[in-house]
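My numbering numbers the first residue of the sequence shown as 14 and each following residue consecutively. We put the beta carbon where it would ideally sit given N, CA and C, even for glycine. This structure is a prediction, so every number in the text was calculated from the model and none was measured. Contents: one structure, followed by commentary.
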Amino acid sequence: MSRGLGKGLNALITSNLIEEGEQVKEVSINEIRPNPYQPRKEFEQSAIDELAQSIKEHGIIQPLIVRKSIKGYELVAGERRLRAAKVAGLKEVPVVVKAYTDQQLMEIALIENLQRENLNPLEEAEAYDKLISHHDYTQEQLAQKIGKSRPHVANMLRLLQLPEKIRKMVSAAELSMGHSRALLGVTDKKVQQQLANDVVEKGLSVRQLEELVKQLNVSRETKKKKPAKNEPVLIEMEERLRSRFGTSVKIKKGSKRGKIEIDFYSQEDLERIIDMLNIEK
């Protein structure tokens, strides 16, 4: 695995990636290609227009960061400024040229957006997934690089388990992260979609959705077999565990002994659960 920017990445982004004494030069705006690893897919046009007006009045105060490419330059950081500069009609923009690898380019794009809270939950999850798959990071390694906790990374990645239609609703801000996590507790995809539609159409809060999911899961469990005398207690315990671990949990009790089954869907999901159980590996 190639080495990234490591612990210095956050500090580098915070200082705008520009070191004292570095040369700023003007380049043609048409020579700059967008960052191919830009995780952000949606840009609010009204905000771009406001920035364009500011650029018309004051110019670009903070240079864009680019790297050399075969055909001109490739943007590293500053996509909003680049888009706004085009709207403002600029022919040239100030840049600082850096020598970054593809891995660093991907990491910088993610960190820049995370620090400015520009990404919706799905964009964030997809960016994490791309970094993990491209660079063979574990969730722990990625968490350290981007300054997030491992549970946060694991929870974001679980959003990718949702059906495509629901993921689009998350991208459109119709569903919050809390709604998404509640829906992950439902195994039936059709039921998931119906509940997601109810959130939008009825304005259900996260708490209301969680209660609906709980009722559905209890109903499904009670239909499977005739309840024993202590079944309601076990069901309540299952629901508490299901809510705690964010996955299906079953308690099977015999006359003298029993077992608890916790579902997981990937190696990373298993490690997330082990972390929550505080089991040393």
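Query	Result
Boundaries (first-last residue) of the alpha helix (DSSP H) holding K266	That residue, K266, is in no alpha helix (DSSP H); its beta strand (DSSP E) goes V262 to K266.
Alpha carbon of L135 to alpha carbon of D282, nearest angstrom	18 angstroms
Span of the beta strand (DSSP E) around I275	G271 to I275
V191: first and last residue of the uninterrupted alpha helix (DSSP H) it sits in	The sequence shown places Gly at residue 191, not Val. Here the alpha helix (DSSP H) through G191 covers M190 to L196.
Anticipated Cβ contact below 8 angstroms, L127 with L144, distance rounded	Rounded, the Cβ-Cβ distance is 12 angstroms, inconsistent with contact.
Beta-carbon proximity list for Y86, same chain, < 8 angstroms, skipping 5 on both sides	V40, E44, I45, R46, V79, R80, V108 and V110
Beta-carbon spacing of P164, D288 below 8 angstroms	yes
Cβ-based burial, E223 [other Cβ within 10 Å; buried from 16]	buried
Residues sharing a beta bridge with G85, DSSP	S82
Cα-Cα separation, S232 to I73	60 angstroms
Limits of the alpha helix (DSSP H) - the one that E153 falls within	Q152 to I159
Close beta carbons around S146, own chain, < 8 angstroms, minus the five adjacent residues each side	none
Host beta strand (DSSP E) of S162 (start-end)	From DSSP, S162 is part of no beta strand (DSSP E); its letter is neither H nor E.
Cβ-based burial, L123 [other Cβ within 10 Å; buried from 16]	buried
Assigned secondary structure, S279 (DSSP; H/G/I helix, E/B strand, else coil)	coil
Buried/exposed call for E55, threshold 16 Cβ in 10 Å	exposed
Candidates I42, P245 and E251, of which the one nearest I264 by Cα	E251
Reference R194, options E214, K215 and K227, closest by Cα	K227
C-alpha distance - R180 paired with K269, whole-angstrom precision	44 angstroms
N- and C-terminal bounds of the alpha helix (DSSP H) containing V37	Counting along the chain, V37 falls outside any alpha helix (DSSP H), and DSSP gives it neither H nor E.
Boundaries of the alpha helix (DSSP H) in which V183 is found, first to last residue	E177 to S184
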